[in-house]
Amino acid sequence: MNEVLPQQKLLLELLIMSGDIAVADDISNTILERTIIECEKRGWVKRSQFGAGFHKTTITESGREASGLKR
1 MNEVLPQQKL
11 LLELLIMSGD
21 IAVADDISNT
31 ILERTIIECE
41 KRGWVKRSQF
51 GAGFHKTTIT
61 ESGREASGLK
71 R
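When we follow our numbering, the leftmost residue of the sequence shown carries the number 1, and every step to the right adds one.
Take a look at the structure:
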C-alpha cells in the first residue's frame, strides 16, 4: 500500500468521525479538492452528485484501512 499523506489521513479521519460530507463543486485549485481527487484515485473515497452545486464524499472500506482507524 502507498504511503498516506498527512492531508489524506486528515480527510479520511474526518470522514470516519463525521460520516459523509457535502462539498461544493466550486472548490477548484484548493488543497481540499486535490486531496479528495487523490483519495478517490486510490479508491479511498467515492464522490456522487448531491444536489445543485454539491457532491457527497464517502469513505470506502479501503479508505478506513488506509487511515488506520478502521471501525
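From the three backbone atoms N, C-alpha and C, an ideal C-beta is built for every residue, glycine too. Source: prediction; values computed, not measured.
Report the partner residues of residue i according to the DSSP bridge assignment.
i	result
residue 31	Partner(s): none; residue 31 has no beta bridge.
residue 16	The partner list for residue 16 (beta bridge, DSSP) is empty, contrary to what the question assumes.
For residue i, which of the options has the nearest alpha-carbon?
i	options	result
residue 27	19, 66, 55, 5	55
residue 61	3, 13, 5	13
residue 47	68, 24, 31	24
residue 22	63, 58, 66	58
residue 4	44, 20, 33, 19	44
How many whole angstroms separate the CB atoms of residue i and residue j, which I take to be in contact at a CB cut-off of 8 Å?
i	j	result
residue 35	residue 11	5 Å
residue 38	residue 8	6 Å
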